[in-house]
């Protein structure tokens with residue numbers, strides 16, 4: 118008898134997104150233009166935004182697009198992300214993380230990021246009223 122667990126791609130992506138966002142120095146995952154358009158129709162942040170995954174039966178690989186905080190050590194952040202993603206994904210799924218690539222899409226100070234987030238929320242509220 119063959120028994121198997123199959124994971125939809127979104128499941129390990131969500132784990133990786135949560136694990137990556139736990140690391141100090143990551144301000145946000147960056148989903149690019151299309152993600153920005155789809156975010157307008159969502160009421161909550163998508164934890165899989167900025168993450169691509171290839172999921173096999175026993176292994177998974179990730180590409181992460183991130184916005185980092187100015188003044189932080191990016192190689193150290195990357196190392197922490199790799200360790201946290203590998204640990205979290207393996208503990209929850211048993212999958213071996215064979216690759217993690219991090220693409221730094223932007224750098225901002227914490228205050229710049231908060232101001233941008235506030236502006237984005239204001240624009241979203243205005244669109245909701247229209």
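In our numbering, the protein residues as written are 118 to 247. All C-beta atoms in this analysis are idealised placements derived from N, C-alpha and C, irrespective of residue type, glycine included.
{"Item": "Reduced DSSP secondary structure (H/G/I, E/B, other) of residue 229", "Value": "helix"}
{"Item": "Sequence-distant residues of the same chain with beta carbon closer than 6 Å to residue 182, five excluded per side", "Value": "147, 167, 220 and 222"}
{"Item": "Residue 212, buried or exposed, once every other Cβ within 10 Å from all chains shown has been counted against 16", "Value": "buried"}
{"Item": "Counted within 10 angstroms of its Cβ, other Cβ atoms place residue 192 as buried (16 or more) or exposed", "Value": "exposed"}
{"Item": "Nearest-angstrom Cα separation, counted from residue 138 out to residue 121", "Value": "30 Å"}
{"Item": "Whole-angstrom C-beta distance between residue 142 and residue 189, which should lie under 8 Å", "Value": "4 Å"}
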